[in-house]
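Structure record follows, encoded as structure tokens.
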Amino acid sequence: MIDLRLVRQNPDAVRASQRARGADESWVDALLAADAERREVVKRADDLRGEQKTASQAVRGASAEERPAILERARLLAGQVKEAEEAQRAADAALREAHLKIANVVADEVPPGGEDDAVTIRTVGAVPAYAFPVRDHLEIGELLGAIDMERGAKVSGARFYFLTGPGALLEFALAQLAISRAVTAGFIPVVAPALVRPEAMEGTGFLGEHDEEVYRVERDDLYLVGTSEVALAAMHSNEVLDLSSGPRRYAGWSSCFRREAGSYGKDTRGIIRVHWFDKVEMFSFCPPEEAAAEHLRLLAWEEEFLTALELPYRVVDIAAGDLGTSAARKYDIEAWFPSQGTYRELTSTSDCTTFQARRLAIRYRDADGKPQPAATLNGTLCAVARTIACLLEVHQRADGSVHVPKALRPWLGGVESLSPGMNLAAAVPPPTA
RNA sequence: GGAGGCUUCGCCUAGUCCGGUCUAUGGCGCCGCACUGCUAAUGCGGUUUGGGUUAAUCCCCAUCCCGGGUUCAAAUCCCGGAGCCUCCGCCA
16 MIDLRLVRQN PDAVRASQRA RGADESWVDA LLAADAERRE VVKRADDLRG
66 EQKTASQAVR GASAEERPAI LERARLLAGQ VKEAEEAQRA ADAALREAHL
116 KIANVVADEV PPGGEDDAVT IRTVGAVPAY AFPVRDHLEI GELLGAIDME
166 RGAKVSGARF YFLTGPGALL EFALAQLAIS RAVTAGFIPV VAPALVRPEA
216 MEGTGFLGEH DEEVYRVERD DLYLVGTSEV ALAAMHSNEV LDLSSGPRRY
266 AGWSSCFRRE AGSYGKDTRG IIRVHWFDKV EMFSFCPPEE AAAEHLRLLA
316 WEEEFLTALE LPYRVVDIAA GDLGTSAARK YDIEAWFPSQ GTYRELTSTS
366 DCTTFQARRL AIRYRDADGK PQPAATLNGT LCAVARTIAC LLEVHQRADG
416 SVHVPKALRP WLGGVESLSP GMNLAAAVPP PTA
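Residues in the first sequence are numbered consecutively from 16, following the working numbering.
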């Protein structure tokens, strides 16, 4: 949730943000009204509680004669307090509801517009030319025996898949590469739970307008995460972090689950858009004033990873209307998909400023030693399924084999390419380094 | 799934049986001051987190895992929930 003090002191900034997102700016005034109402009600309840407290203290020392009158007054006050507290509860709930409705305040530099108004910041790597008709990733995956969609559908339904043989080895190789690069950069590797409580889901902002996207396990009141961001953010909920020696950074591995409601007909072929995939996610806690710089660092790590995979890409600055609830700013990296002749999203990094931390009560001590909400940031290091799809396409050859980027070879037994009918035993890391 | 125990202001802890200056005890840690060649030790003082109010201080309210309830009054009694531990059962 956003900072209430900002809403009080500069409501116009919040209204402007709502406008930029294409959201209702009258919600800001509703929030202000709820805030004013709550403060009034709280004051009344506080005063009454104070009076009642004094009255009940008096009961103790009262003589037998005084006692009935004092008790009578205390009883009367107790009734009033009860009413006042009920009013306070209602006002608190109303404020919270109004507060939760408002998405994070958009950063000033964010481009205006919606989904189609992302601004390309830079394009890196040459788009490859092929002297043969290109295949899409599924054709290549099937030739290699790497992807089995039909059986995925048989077992689990549409948008599920099996990774088999070289496909499965690729998944592990990418995971190893991503984690080892992250650890080298100072991230703490984490294997995170994929099922979380409602508080974690709500705290990260995924239960608002996006709850259609989320799988819910009703029987146990748990949710399947769509990204390990959820577990990583909630990991330090209700804690005061020590950030004096710099940002706290995690590289989390988990499976991710998405209902993909409303995406019927989009990307129905292959493993670009699926209900389940595995992902290495970067997550960072830092003081708010460092967040923008940290955001650029996450972006840089993402770019370095794609460069290591020898994938051409472009970086886009997402427009205000296309930002997630928690994000103040977001960069996507889109990599080249030859079969589609276009760039498609491969990673995404968001600066959530203090929005998530406020909901989850994640704080740090500022220079004065006061606990303050921390900033949280997240960024994809490697969304495995989609990365495999991109790799297969970009690095395909006429004979159906696929070039293995140098960075990935140590995790694939040193092989330089994957080819149909290959000896899998040659493509696992050797027992000694 | 069954039985029992536990959860107190950073950490440890007293208090809970039997409700009332608990406005929560003590230790450790931390901060300040004093003393002292330096450090250490010692002494004194301070040290939960929110909300309200304020120019700021003061002050007020809440806070003993969370949510309800009983009562004039709840850390303490009752109900529900969460987490941790032990044992049994089951299980990769």
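Where is the CB? At the ideal position from N, CA and C, for every residue including glycine.
Burial state of residue i, where buried means 16 or more other Cβ atoms lie within 10 Å
{"i": "residue 176", "result": "buried"}
{"i": "residue 388", "result": "buried"}
{"i": "residue 407", "result": "buried"}
{"i": "residue 147", "result": "exposed"}
{"i": "residue 253", "result": "exposed"}
{"i": "residue 235", "result": "exposed"}
{"i": "residue 162", "result": "buried"}
{"i": "residue 17", "result": "buried"}
{"i": "residue 41", "result": "exposed"}
{"i": "residue 262", "result": "buried"}
{"i": "residue 295", "result": "buried"}
{"i": "residue 145", "result": "exposed"}
{"i": "residue 281", "result": "exposed"}
{"i": "residue 129", "result": "exposed"}
{"i": "residue 32", "result": "buried"}
{"i": "residue 186", "result": "buried"}
{"i": "residue 233", "result": "exposed"}
{"i": "residue 445", "result": "exposed"}
{"i": "residue 372", "result": "buried"}
Run of the alpha helix (DSSP H) containing residue i, from where it starts to where it stops
{"i": "residue 27", "result": "26-36"}
{"i": "residue 320", "result": "306-323"}
{"i": "residue 133", "result": "Segment: none, residue 133 is in no alpha helix (DSSP H) and carries neither H nor E."}
{"i": "residue 154", "result": "152-159"}
Own chain, CB closer than 8 Å to residue i, minus 5 neighbours either side, in chain order
{"i": "residue 47", "result": "22, 23 and 26"}
{"i": "residue 457", "result": "Because the chain spans 16 through 448 in this model, residue 457 falls outside it and cannot be assessed."}
{"i": "residue 158", "result": "150, 415 and 435"}
{"i": "residue 194", "result": "204, 266, 268 and 295"}
{"i": "residue 316", "result": "196, 197, 200, 297, 394 and 396"}
{"i": "residue 309", "result": "262, 299, 301, 366, 390 and 392"}
Endpoints, beta strand (DSSP E) assigned at residue i
{"i": "residue 301", "result": "291-301"}
{"i": "residue 277", "result": "Element bounds for residue 277: n/a, residue is neither H nor E."}
{"i": "residue 245", "result": "Here residue 245 belongs to no beta strand (DSSP E); instead the alpha helix (DSSP H) covers 244-249."}
{"i": "residue 232", "result": "230-232"}
{"i": "residue 330", "result": "328-332"}
{"i": "residue 149", "result": "It is not in any beta strand (DSSP E) - residue 149 carries neither H nor E in the DSSP assignment."}
{"i": "residue 288", "result": "That residue, residue 288, is in no beta strand (DSSP E); it is neither H nor E in DSSP."}
{"i": "residue 350", "result": "344-352"}
{"i": "residue 258", "result": "No beta strand (DSSP E) holds residue 258; DSSP gives it neither H nor E."}
{"i": "residue 237", "result": "237-239"}
Contact set for residue i: own chain, Cβ-Cβ below 6 Å, skip 5 residues either direction
{"i": "residue 437", "result": "none"}
{"i": "residue 205", "result": "265 and 267"}
{"i": "residue 37", "result": "336"}
{"i": "residue 30", "result": "40 and 43"}
{"i": "residue 359", "result": "349 and 352"}
{"i": "residue 237", "result": "210"}
Own chain, CB closer than 7 Å to residue i, minus 5 neighbours either side, in chain order
{"i": "residue 432", "result": "416, 417, 418 and 419"}
{"i": "residue 306", "result": "366, 368, 390 and 392"}
{"i": "residue 400", "result": "286, 289 and 292"}
{"i": "residue 422", "result": "192, 323 and 324"}
{"i": "residue 228", "result": "241, 273, 274 and 276"}
{"i": "residue 430", "result": "419, 424, 441 and 442"}
{"i": "residue 278", "result": "288"}
{"i": "residue 404", "result": "152, 285, 286 and 287"}
{"i": "residue 20", "result": "none"}
{"i": "residue 118", "result": "36, 38 and 340"}
{"i": "residue 448", "result": "Caution applies to residue 448, whose pLDDT of 48 falls short of 50 and renders its modelled position unreliable; the value that the coordinates give is listed next. Here the set comprises nothing."}
{"i": "residue 342", "result": "119, 365, 366 and 367"}
{"i": "residue 121", "result": "32, 35, 36, 335, 338 and 343"}
Quiz item: At which residue ranges does the region 39-121 contain complete beta strand (DSSP E) runs of 3 or more residues, listed in the order of the chain?
Solution: none
- Minimum length 4: unbroken alpha helix (DSSP H) runs contained in the region 357-429: 370-375 and 399-409
Suppose only complete runs of 4+ residues qualify. What are the alpha helix (DSSP H) ranges in the region 164-218, listed by chain order? 164-171, 181-199 and 213-218
Next on the checklist: Across the region 212-220 and the region 180-200, are there enough close Cβ pairs to call them in contact, namely three or more that are closer than 8 Å?
Outcome noted: no
Any contact of the region 135-143 with the region 227-245, i.e. 3+ C-beta pairs under 8 Å? no
Three Cβ pairs or more, each shorter than 8 Å: is that satisfied between the region 398-414 and the region 312-332?
yes
*Could you tell me whether the region 52-59 touches the region 95-115, using the rule of 3 or more Cβ pairs below 8 Å?*
yes
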